[in-house]
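Residue numbers (my numbering), protein chains in the order written: chain A, 33 to 402; chain B, 590 to 884. Where a beta carbon is used, it is the ideal one built from N, C-alpha and C, also for glycine. Computed from a predicted structure; not experimentally measured.
Structure, rendered in structure tokens:
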């Protein structure tokens with residue numbers, strides 16, 4: 033008990049809790065809305081909210097790597113895919129599996145596992161894949177690294193589309209059991225946020241952020257940039273695979289096209305809109321993007337935007353998302369939240385409200401950057 | 590042997606197109622440090638301009654010419670509207686901006702023209718061929734290789750003999766010094782984008798002569814290939830980009846010709862795997878000179 037009390041009152045845990053608690057509150061509020069509006073777990077709103085919570089896990093996982101290291105990863109969608117396919121291998125009923133995955137070995141053929149074993153095995157496979165790939169990728173220079181993650185995405189897509197016996201190629205997979213509920217999605221979203229915040233304030237996280245600002249000076253003060261990047265790479269890939277598993281157990285059918293260029297751009301946009309440097313930014317970006325997509329989907333279906341007739345079109349949502357991302361990049365290059373986590377903004381707003389716009393209290397947020 | 594020579598010819602031809610694309614990308618990168626992911630969309634843009642020209646009944650030479658002019662204009666618009674505002678931001682921001690531009694252009698063509706393939710027919714003589722000792726040489730091969738050679742020569746002349754060319758080479762070393770010599774930064778950057786658009790336009794005409802059709806997403810992976818060629822050669826190094834384009838062309842042709850049929854779906858994957866292995870061995874690119882980084 034005393035150890036626990038000391039941990040809670042340590043500077044590290046105080047920072048972590050101060051940042052994570054507002055985010056967890058937001059996530060739980062989303063869950064409550066979903067649970068109240070759809071107690072039977074059906075309906076479009078319920079689906080939207082659960083998918084939002086799973087998206088938060090995906091974006092937060094990417095933030096752990098890209099946000100702290102400053103290196104764009106195109107490859108995380110590949111890990112989401114690994115999580116989804118591994119889940120399918122271990123959870124689809126045997127009768128269907130014999131039909132769609134003829135290549136599986138006998139012991140996997142018989143596996144009809146539940147939620148937790150599937151999550152564990154998917155995370156493990158994702159982490160393993162990242163650990164192997166990362167040995168090569170994390171040693172490269174920044175631009176080469178970004179390119180290699182792009183290569184990873186293309187290679188993974190090639191495997192998903194052509195490895196017939198294990199992935200059913202481009203026809204895709206179906207018949208997964210529905211195991212992810214809004215409570216489970218929310219639980220893991222909160223866990224992801226907590227882990228990402230802990231990572232951000234941890235030693236290795238701080239080292240990685242130092243390398244983001246200037247790899248050479250970080251290296252010169254004794255930081256092993258490669259090791260920090262490798263740790264973040266494996267951790268965030270494992271989290272992506274976990275998200276993929278959750279996603280697969282909610283959406284039940286998927287194909288290789290679900291883990292490719294368009295998805296990568298959507299995830300990166302969410303991160304950019306909210307702000308790369310913060311975990312809160314990942315959450316805010318995911319929220320805003322989800323709303324935009326939902327409104328635009330309505331427009332596309334109804335063919336009607338505020339009374340103006342719009343022809344039925346398919347690329348509209350992507351175009352608007354790209355436009356918003358560009359505007360944010362041009363006018364607010366650090367994202368909506370910039371360097372402050374949500375708690376910093378709350379303090380800022382409170383100060384402005386009570387003290388009539390006096391400037392931010394010095395300890396209210398950690399100013400990164402320059 | 591003939592089969593091998595035939596594949597070498599195909600490799601040179603495909604490699605030339607990649608080299609044109611890679612050079613355009615490298616010129617921009619060497620000057621402002623932007624990895625332009627929207628470079629491939631210049632090809633798409635050229636394709637749609639050509640499609641428009643074809644639809645109103647113009648002959649091939651005319652709409653190919655208009656296509657190249659349109660590509661240069663698109664490149665200049667990209668620079669003015671998207672890249673100039675983020676010019677001084679971090680490389681990450683610039684890369685993401687170009688990604689956004691890329692997605693937006695592709696989605697705009699999908700939305701406002703059609704998600705489907707549109708025909709841009711090439712004249713018949715392009716696919717005519719002569720046979721020399723079992724070797725089949727198509728007019729398209731000769732055109733591709735000839736156009737690339739001329740374009741590279743012109744670029745070389747521009748870079749060596751004109752003031753703006755010298756300024757561009759100097760800007761790749763030290764942009765501020767160039768500005769102190771009284772050269773306008775915008776002039777250098779705009780010229781770089783114009784050249785990159787021109788080279789992309791040439792490449793697009795050659796690619797479309799082969800494919801005879803344009804779709805909204807054709808540019809993305811061509812642009813990525815140009816990027817890959819640059820990484821192979823060492824980013825920002827013009828000769829490296831040229832060589833990287835040819836290496837990539839040869840690797841792709843070789844894999845396509847000699848990979849077993851049941852693995853043919855993995856061709857792109859193998860290309861990337863090859864590049865990744867090359868990068869592990871030489872992280873700075875295959876043709877980069879060994880220079881220590883200045884701090």
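Considering only beta carbons, the part of the stretch 694-716 of chain B lying closer than 7 angstroms to chain A consists of 696, 697, 699, 700 and 704, in chain order. Within the DSSP bridge table, the entry for residue 727/B names 718/B as partners. Under a criterion of Cβ atoms nearer than 9 angstroms, the residues of chain A adjacent to residue 684/B are, in order, 104, 175 and 178. Counting C-beta atoms within 10 angstroms of its own C-beta, residue 828/B has fewer than 16 neighbours from the protein chains shown and is therefore classed as exposed. Taking the CA atoms as reference points, residue 271/A sits about 11 angstroms from residue 95/A.
The residues 601, 602 and 605, in chain order, have a CB closer than 8 angstroms to that of residue 734/B in the same chain once the five nearest residues on each side in sequence are set aside.
Around the beta carbon of residue 164/A, fewer than 16 other beta carbons lie within 10 angstroms, which makes this residue exposed. In this structure residue 239/A is buried. Its beta-carbon is surrounded by 16 or more other beta-carbon atoms within 10 angstroms. Under the 8 angstroms Cβ criterion, the stretch 173-181 of chain A counts as touching the stretch 102-110 of chain A, having at least three qualifying pairs.
Under the 10 Å beta carbon count, residue 375/A is surrounded by 16 or more other beta carbons and is classified as buried.
The continuous stretches of alpha helix (DSSP H) do not include residue 171/A, and DSSP gives it neither H nor E. Inclusion of residue 631/B and residue 789/B in the CB contact set at 8 angstroms is warranted, their separation being smaller than that value. Taking all protein chains shown into account, residue 640/B has 16 or more neighbouring C-beta atoms within 10 Å of its C-beta and is therefore buried.
A Cβ-Cβ separation of about 27 angstroms leaves residue 657/B out of contact with residue 820/B under the 8 angstroms criterion.
Closest in alpha carbon position to residue 329/A, among 318/A, 347/A, 222/A and 313/A, is 347/A. No Cβ-Cβ contact shorter than 8 angstroms links residue 667/B with residue 718/B. For chain B, the residues of the stretch 344-359 of chain A that bring a beta carbon within less than 7 angstroms of one of its beta carbons are 345, 346, 347, 348, 350, 351, 354, 355, 357 and 358, in chain order. Within the stretch 592-637 of chain B, not a single complete beta strand (DSSP E) segment reaches 3 residues in length.
For residue 56/A and residue 355/A, the gap between their C-alpha atoms comes out near 30 angstroms. Using a CB distance below 8 angstroms, the part of the stretch 811-827 of chain B facing chain A consists of 813, 816, 817, 820 and 824, ordered along the chain.
According to the DSSP assignment, residue 366/A belongs to no alpha helix (DSSP H), since it is labelled neither H nor E.
DSSP, read as helix, strand or coil, puts residue 129/A in helix. Between residue 98/A and residue 273/A, the C-beta gap is not smaller than 8 angstroms, which leaves the two residues out of contact. Runs of alpha helix (DSSP H) with 4 or more residues, each lying fully within the stretch 43-83 of chain A, are found at 43-69, listed in chain order. Against chain A, the CB of residue 868/B has a partner CB under 8 angstroms away; the residue lies at that interface. Contact between residue 207/A and residue 148/A does not hold, since the beta-carbon distance rounds to 20 angstroms and is not under 8 angstroms. In the DSSP assignment, residue 851/B falls outside any alpha helix (DSSP H) and carries neither an H nor an E. The C-alpha of residue 237/A is placed about 20 angstroms away from the C-alpha of residue 41/A. Pairing residue 49/A with residue 230/A, the inter-Cα distance amounts to about 9 angstroms. The beta carbon of residue 850/B sits no closer than 8 angstroms to any beta carbon of chain A. For residue 361/A, a Cβ of chain B is located within less than 8 angstroms of the residue's own Cβ. Annotation for residue 39/A: the continuous alpha helix (DSSP H) segment containing it runs 34-41.
In this chain, the alpha helix (DSSP H) harbouring residue 683/B covers 680-701.
Within the stretch 622-646 of chain B, the residues whose Cβ lies closer than 8 angstroms to any Cβ of chain A are, in chain order, 624. DSSP, reduced to helix, strand and coil, places residue 802/B within a strand of the structure shown. Rounded to whole angstroms, the gap between the alpha carbons of residue 287/A and residue 276/A is 12 angstroms.
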